[in-house]
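To keep things clear, I will list the structure first and then write my remarks on it.
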Amino acid sequence: MNLRVRLIQAGAVLALLLTGVVPALSGPASPAKPAKEDKSAVVVAEINGRKITLAELEERLAEAPPAVRIRIRKNKEQYLENLVQSELLYQEAVRRRLEAAPEVEKRIGLAKRRILVEEFVRREINRAVQVSDGDLRAFFQANRERFRRKEQVTLSHIVLKTEKEAWDAAAEVRRGVPFAQVARARSVFEATRDAGGVMGTAARGELDKKIEEAAFKLAIGQVSDPIQTPIGWQVIRVSERVPGAEARYDDVKEDVKQILIEIRRRASYQGMIEELKKKGSIRIHPERFK
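Under our numbering, residues 82 to 371 are what the sequence shown spells out, in order.
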(Lines of atoms letter the chains of each structure in order from A and count residues from 1; the text may use other names and numbers.)
(Lines give C-alpha, C1' and ligand atoms only; values in the text may rest on other atoms or scores of the structure.)
Protein backbone atom coordinates (compact mmCIF):
# COMPACT_ATOMS: atom_id res chain seq x y z
CA MET A 1 0.00 0.00 0.00
CA ASN A 2 1.52 3.37 -0.97
CA LEU A 3 2.08 6.23 1.45
CA ARG A 4 -0.86 8.28 0.14
CA VAL A 5 -3.31 5.46 0.81
CA ARG A 6 -1.85 4.82 4.28
CA LEU A 7 -2.17 8.50 5.22
CA ILE A 8 -5.78 8.66 4.03
CA GLN A 9 -6.51 5.45 5.93
CA ALA A 10 -4.94 6.83 9.09
CA GLY A 11 -7.05 9.97 8.76
CA ALA A 12 -10.22 7.95 8.35
CA VAL A 13 -9.51 5.75 11.36
CA LEU A 14 -8.62 8.82 13.44
CA ALA A 15 -11.90 10.49 12.49
CA LEU A 16 -13.79 7.36 13.50
CA LEU A 17 -12.03 7.11 16.84
CA LEU A 18 -12.63 10.80 17.61
CA THR A 19 -16.33 10.48 16.91
CA GLY A 20 -16.55 7.24 18.87
CA VAL A 21 -17.76 5.37 15.81
CA VAL A 22 -15.52 2.81 14.18
CA PRO A 23 -17.99 1.14 11.85
CA ALA A 24 -18.19 -1.38 9.20
CA LEU A 25 -17.76 -2.72 5.79
CA SER A 26 -20.28 -5.50 6.06
CA GLY A 27 -23.75 -5.31 7.49
CA PRO A 28 -26.47 -7.98 7.48
CA ALA A 29 -25.87 -11.02 5.34
CA SER A 30 -26.48 -10.38 1.65
CA PRO A 31 -26.95 -12.73 -1.29
CA ALA A 32 -23.81 -14.58 -2.31
CA LYS A 33 -21.68 -12.77 -4.89
CA PRO A 34 -20.20 -14.41 -7.96
CA ALA A 35 -17.13 -16.45 -7.04
CA LYS A 36 -14.94 -14.71 -9.63
CA GLU A 37 -16.04 -11.17 -8.86
CA ASP A 38 -13.25 -8.64 -9.42
CA LYS A 39 -13.39 -6.60 -6.23
CA SER A 40 -11.02 -4.03 -7.68
CA ALA A 41 -13.75 -3.22 -10.21
CA VAL A 42 -16.51 -2.79 -7.62
CA VAL A 43 -16.74 0.92 -6.81
CA VAL A 44 -18.28 1.62 -3.41
CA ALA A 45 -17.70 5.38 -3.40
CA GLU A 46 -16.57 8.06 -5.84
CA ILE A 47 -15.37 11.46 -4.68
CA ASN A 48 -14.54 14.05 -7.34
CA GLY A 49 -13.46 11.29 -9.70
CA ARG A 50 -11.47 9.36 -7.06
CA LYS A 51 -12.89 5.85 -6.91
CA ILE A 52 -12.78 3.78 -3.74
CA THR A 53 -13.16 0.10 -4.59
CA LEU A 54 -14.29 -2.87 -2.57
CA ALA A 55 -10.77 -4.31 -2.84
CA GLU A 56 -9.29 -1.12 -1.35
CA LEU A 57 -11.78 -1.16 1.50
CA GLU A 58 -11.05 -4.78 2.32
CA GLU A 59 -7.31 -4.06 2.22
CA ARG A 60 -7.77 -1.22 4.70
CA LEU A 61 -9.95 -3.36 6.92
CA ALA A 62 -7.35 -6.14 6.95
CA GLU A 63 -4.73 -3.71 8.27
CA ALA A 64 -6.92 -2.36 11.07
CA PRO A 65 -6.47 -3.71 14.62
CA PRO A 66 -8.80 -6.63 15.47
CA ALA A 67 -10.91 -4.58 17.89
CA VAL A 68 -11.36 -1.88 15.26
CA ARG A 69 -12.34 -4.45 12.62
CA ILE A 70 -15.08 -5.81 14.86
CA ARG A 71 -16.54 -2.36 15.42
CA ILE A 72 -16.17 -1.45 11.76
CA ARG A 73 -18.44 -4.33 10.75
CA LYS A 74 -21.38 -2.82 12.61
CA ASN A 75 -21.98 0.26 10.45
CA LYS A 76 -20.71 0.29 6.89
CA GLU A 77 -22.53 3.50 5.97
CA GLN A 78 -20.85 5.55 8.68
CA TYR A 79 -17.46 4.06 7.82
CA LEU A 80 -17.88 5.05 4.18
CA GLU A 81 -19.01 8.52 5.24
CA ASN A 82 -15.82 8.95 7.25
CA LEU A 83 -13.73 7.79 4.30
CA VAL A 84 -15.52 10.31 2.08
CA GLN A 85 -14.82 13.09 4.57
CA SER A 86 -11.17 12.09 4.80
CA GLU A 87 -10.81 11.98 1.01
CA LEU A 88 -12.45 15.40 0.62
CA LEU A 89 -10.06 16.88 3.16
CA TYR A 90 -7.11 15.21 1.44
CA GLN A 91 -8.13 16.51 -1.99
CA GLU A 92 -8.57 20.03 -0.66
CA ALA A 93 -5.17 19.90 1.04
CA VAL A 94 -3.58 18.79 -2.25
CA ARG A 95 -5.44 21.53 -4.15
CA ARG A 96 -3.89 24.06 -1.81
CA ARG A 97 -0.48 22.44 -2.37
CA LEU A 98 0.03 21.84 1.32
CA GLU A 99 2.24 18.83 0.61
CA ALA A 100 4.88 21.26 -0.65
CA ALA A 101 5.06 23.04 2.70
CA PRO A 102 8.38 22.24 4.42
CA GLU A 103 6.76 21.19 7.69
CA VAL A 104 4.37 18.86 5.84
CA GLU A 105 7.17 17.32 3.79
CA LYS A 106 9.08 16.69 6.99
CA ARG A 107 6.10 14.97 8.64
CA ILE A 108 5.44 12.88 5.53
CA GLY A 109 9.07 11.81 5.57
CA LEU A 110 8.81 10.80 9.22
CA ALA A 111 5.59 8.87 8.51
CA LYS A 112 7.23 7.09 5.57
CA ARG A 113 10.22 6.22 7.74
CA ARG A 114 7.99 4.80 10.47
CA ILE A 115 5.95 2.75 7.97
CA LEU A 116 9.09 1.31 6.38
CA VAL A 117 10.53 0.33 9.77
CA GLU A 118 7.24 -1.28 10.85
CA GLU A 119 6.93 -3.22 7.59
CA PHE A 120 10.53 -4.43 7.70
CA VAL A 121 10.20 -5.60 11.31
CA ARG A 122 6.86 -7.27 10.60
CA ARG A 123 8.19 -9.21 7.62
CA GLU A 124 11.41 -10.30 9.29
CA ILE A 125 9.80 -11.37 12.54
CA ASN A 126 6.87 -13.16 10.91
CA ARG A 127 9.34 -15.06 8.75
CA ALA A 128 11.49 -16.01 11.71
CA VAL A 129 8.85 -16.83 14.31
CA GLN A 130 7.21 -20.22 13.89
CA VAL A 131 5.71 -22.42 16.61
CA SER A 132 4.64 -26.04 16.35
CA ASP A 133 2.16 -27.89 18.51
CA GLY A 134 5.13 -29.62 20.11
CA ASP A 135 6.62 -26.23 21.01
CA LEU A 136 3.33 -25.17 22.57
CA ARG A 137 2.96 -28.33 24.63
CA ALA A 138 6.54 -28.12 25.86
CA PHE A 139 6.09 -24.48 26.88
CA PHE A 140 2.83 -25.31 28.63
CA GLN A 141 4.40 -28.17 30.58
CA ALA A 142 7.31 -25.97 31.65
CA ASN A 143 4.98 -23.16 32.75
CA ARG A 144 1.90 -24.94 34.09
CA GLU A 145 1.65 -22.67 37.11
CA ARG A 146 1.52 -19.65 34.82
CA PHE A 147 -1.65 -20.97 33.21
CA ARG A 148 -3.28 -22.24 36.37
CA ARG A 149 -6.80 -20.88 36.79
CA LYS A 150 -6.79 -18.49 39.72
CA GLU A 151 -9.44 -18.51 42.41
CA GLN A 152 -12.31 -16.25 41.39
CA VAL A 153 -15.20 -14.50 43.11
CA THR A 154 -18.37 -12.96 41.75
CA LEU A 155 -19.25 -9.92 43.80
CA SER A 156 -21.44 -6.86 44.13
CA HIS A 157 -20.81 -3.60 45.90
CA ILE A 158 -22.48 -0.50 47.27
CA VAL A 159 -20.40 2.67 47.13
CA LEU A 160 -21.09 5.52 49.55
CA LYS A 161 -19.49 8.87 50.26
CA THR A 162 -19.07 8.46 54.02
CA GLU A 163 -18.27 5.66 56.44
CA LYS A 164 -21.54 6.23 58.32
CA GLU A 165 -23.58 5.83 55.13
CA ALA A 166 -21.70 2.61 54.40
CA TRP A 167 -22.45 1.21 57.87
CA ASP A 168 -26.12 2.13 57.42
CA ALA A 169 -26.23 0.32 54.06
CA ALA A 170 -24.55 -2.78 55.50
CA ALA A 171 -27.00 -2.81 58.41
CA GLU A 172 -29.95 -2.56 56.04
CA VAL A 173 -28.77 -5.58 54.06
CA ARG A 174 -28.12 -7.55 57.23
CA ARG A 175 -31.71 -6.85 58.31
CA GLY A 176 -32.87 -8.72 55.23
CA VAL A 177 -33.28 -6.05 52.56
CA PRO A 178 -31.99 -7.43 49.22
CA PHE A 179 -28.46 -6.24 48.46
CA ALA A 180 -29.42 -5.18 44.92
CA GLN A 181 -32.31 -3.09 46.24
CA VAL A 182 -30.05 -1.23 48.66
CA ALA A 183 -27.45 -0.71 45.93
CA ARG A 184 -29.99 0.82 43.55
CA ALA A 185 -31.32 3.11 46.27
CA ARG A 186 -28.08 4.18 47.94
CA SER A 187 -24.98 3.61 45.79
CA VAL A 188 -23.30 6.69 44.31
CA PHE A 189 -21.34 4.64 41.77
CA GLU A 190 -23.36 5.02 38.57
CA ALA A 191 -21.46 2.37 36.59
CA THR A 192 -22.93 -0.46 38.70
CA ARG A 193 -25.82 1.13 40.58
CA ASP A 194 -28.58 0.35 38.07
CA ALA A 195 -27.40 -3.28 37.90
CA GLY A 196 -27.88 -3.64 41.63
CA GLY A 197 -24.20 -3.15 42.35
CA VAL A 198 -23.04 -6.19 40.38
CA MET A 199 -19.31 -5.90 39.66
CA GLY A 200 -18.88 -9.25 37.92
CA THR A 201 -16.30 -11.99 38.36
CA ALA A 202 -12.67 -11.28 39.21
CA ALA A 203 -9.60 -13.36 39.97
CA ARG A 204 -6.94 -12.71 42.55
CA GLY A 205 -4.78 -9.79 41.50
CA GLU A 206 -7.54 -8.02 39.57
CA LEU A 207 -9.19 -6.04 42.37
CA ASP A 208 -8.30 -3.15 44.64
CA LYS A 209 -6.09 -4.67 47.35
CA LYS A 210 -8.47 -3.86 50.20
CA ILE A 211 -11.49 -5.16 48.27
CA GLU A 212 -9.61 -8.33 47.28
CA GLU A 213 -8.49 -9.03 50.83
CA ALA A 214 -12.08 -8.82 52.07
CA ALA A 215 -13.70 -10.58 49.10
CA PHE A 216 -11.63 -13.75 49.34
CA LYS A 217 -12.33 -14.04 53.06
CA LEU A 218 -16.10 -13.59 52.89
CA ALA A 219 -18.46 -16.55 52.86
CA ILE A 220 -21.01 -16.80 50.05
CA GLY A 221 -23.79 -14.30 50.76
CA GLN A 222 -21.91 -12.57 53.57
CA VAL A 223 -21.79 -8.77 53.61
CA SER A 224 -18.56 -7.00 54.47
CA ASP A 225 -17.96 -4.15 56.86
CA PRO A 226 -17.29 -0.80 55.17
CA ILE A 227 -14.02 -0.62 53.22
CA GLN A 228 -12.38 2.69 52.34
CA THR A 229 -11.21 2.83 48.71
CA PRO A 230 -10.26 5.53 46.19
CA ILE A 231 -13.83 5.70 44.84
CA GLY A 232 -15.51 5.87 48.26
CA TRP A 233 -16.60 3.65 51.14
CA GLN A 234 -17.66 0.25 49.84
CA VAL A 235 -19.76 -2.58 51.19
CA ILE A 236 -19.33 -5.81 49.23
CA ARG A 237 -21.10 -9.15 48.97
CA VAL A 238 -19.77 -12.34 47.35
CA SER A 239 -22.38 -14.39 45.50
CA GLU A 240 -20.15 -17.10 44.01
CA ARG A 241 -16.67 -18.49 44.43
CA VAL A 242 -14.74 -20.61 41.93
CA PRO A 243 -11.64 -22.35 43.31
CA GLY A 244 -8.34 -22.30 41.48
CA ALA A 245 -7.52 -25.31 39.34
CA GLU A 246 -4.91 -26.80 37.06
CA ALA A 247 -5.39 -25.69 33.46
CA ARG A 248 -5.98 -28.20 30.66
CA TYR A 249 -3.77 -27.69 27.61
CA ASP A 250 -6.68 -27.67 25.18
CA ASP A 251 -8.44 -24.96 27.22
CA VAL A 252 -5.50 -22.57 27.20
CA LYS A 253 -3.79 -23.49 23.93
CA GLU A 254 -4.49 -20.10 22.31
CA ASP A 255 -3.14 -18.26 25.35
CA VAL A 256 -0.04 -20.44 25.29
CA LYS A 257 0.42 -19.73 21.60
CA GLN A 258 0.10 -15.96 21.98
CA ILE A 259 2.56 -15.84 24.87
CA LEU A 260 5.15 -18.08 23.20
CA ILE A 261 4.92 -16.19 19.91
CA GLU A 262 5.40 -12.89 21.75
CA ILE A 263 8.44 -14.25 23.59
CA ARG A 264 9.97 -15.45 20.33
CA ARG A 265 9.12 -12.20 18.56
CA ARG A 266 10.99 -10.23 21.19
CA ALA A 267 13.96 -12.58 20.99
CA SER A 268 13.93 -12.40 17.19
CA TYR A 269 13.72 -8.62 17.27
CA GLN A 270 16.60 -8.34 19.72
CA GLY A 271 18.68 -10.75 17.65
CA MET A 272 17.97 -8.76 14.50
CA ILE A 273 19.03 -5.51 16.20
CA GLU A 274 22.25 -7.07 17.49
CA GLU A 275 23.07 -8.40 14.03
CA LEU A 276 22.48 -5.00 12.42
CA LYS A 277 24.67 -3.36 15.05
CA LYS A 278 27.50 -5.78 14.31
CA LYS A 279 27.32 -5.00 10.60
CA GLY A 280 26.93 -1.26 11.07
CA SER A 281 29.13 1.61 12.19
CA ILE A 282 27.62 3.36 15.20
CA ARG A 283 28.85 6.26 17.29
CA ILE A 284 26.81 7.61 20.19
CA HIS A 285 27.53 10.85 22.06
CA PRO A 286 25.11 11.00 25.01
CA GLU A 287 27.00 13.90 26.56
CA ARG A 288 25.86 16.10 23.67
CA PHE A 289 22.22 15.40 24.34
CA LYS A 290 21.10 17.96 26.90
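Ideal placement from N, C-alpha and C gives every residue a C-beta, glycine not left out. Computed from a predicted model, the values in this text were never measured in an experiment.
- In the displayed model, glutamate 327 falls within coil according to three-state DSSP, outside both helix and strand.
- In this structure, DSSP gives arginine 364 a state outside helix and strand, which the three-state scheme calls coil.
- With at least 16 other beta carbons inside 10 angstroms of its own, glycine 278 counts as buried.
- The Cβ-Cβ distance between isoleucine 206 and glutamate 168 does not fall below 9 angstroms.
- CA-CA distance, valine 337 to glutamate 287, rounds to 20 angstroms.
- Glycine 313 carries a strand assignment under DSSP once its states are collapsed to helix, strand and coil.
- Under the three-state reduction of DSSP, glutamine 233 is assigned to strand.
- DSSP assignment within the stretch 235–274 yields no whole beta strand (DSSP E) run of 3 residues or more.
- Judged by beta-carbon spacing, leucine 161 lies within the 9 angstroms limit of alanine 126, meaning their Cβ atoms are closer than that value.
- For glycine 281, the enclosing beta strand (DSSP E) covers residues 279–284.
- Taking a contact as a CB-CB distance under 8 angstroms, the pair leucine 241 and alanine 252 does not count as one, their CB atoms being some 12 angstroms apart.
- Within the stretch 147–175, the runs of alpha helix (DSSP H) at least 4 residues long that lie entirely inside it are, in chain order, 147–153.
- Nearest neighbour of valine 319 by Cα position, chosen from Leu217, Ile239 and Leu170, turns out to be Ile239.
- The bridge partners DSSP lists for isoleucine 308 are Gln315.
- Inter-segment contact for the stretch 284–301 and the stretch 327–334 is absent: fewer than three beta-carbon pairs are separated by less than 8 angstroms.
- The closest CA to that of glutamate 139, considering only Arg131, Ala148 and Val123, is found on Val123.
- Pairing proline 307 with isoleucine 317, the inter-Cα distance amounts to about 8 angstroms.
- Taking each of Glu199, Ile342 and Gln159 in turn and checking the Cα distance to glutamate 144, the smallest one comes out for Glu199.
- For glutamate 127, the enclosing beta strand (DSSP E) stretches over residues 124–128.
- One alpha carbon belongs to glutamate 158, the other to tyrosine 350, and they sit about 40 angstroms apart.
- DSSP lists Glu127 as the bridge partner or partners of lysine 132.
- Put simply, the backbone Cα of threonine 273 is about 18 angstroms away from that of threonine 243.
- In the three-state DSSP reduction, arginine 178 falls in the coil class, being neither helix nor strand.
- With respect to the C-alpha of leucine 341, the residue from Ile189, Lys120 and Phe221 having the closest C-alpha is Phe221.
- Leaving aside the five residues that flank valine 254 on each side, the residues in its chain whose CB is nearer than 6 angstroms to its CB run, in chain order, Phe260, Val263 and Val304.
- For arginine 203, the number of other beta carbons within 10 angstroms of its own is below 16, and it is reported as exposed.
- In the three-state scheme derived from DSSP, where H, G and I count as helix and E and B as strand, glutamate 355 is classed as helix.
- Under the DSSP assignment, arginine 369 falls outside any alpha helix (DSSP H); it carries neither an H nor an E label.
- The Cβ atoms of glycine 302 and threonine 235 do not sit closer than 9 angstroms to each other.
- Put simply, the backbone Cα of proline 324 is about 45 angstroms away from that of glutamate 355.
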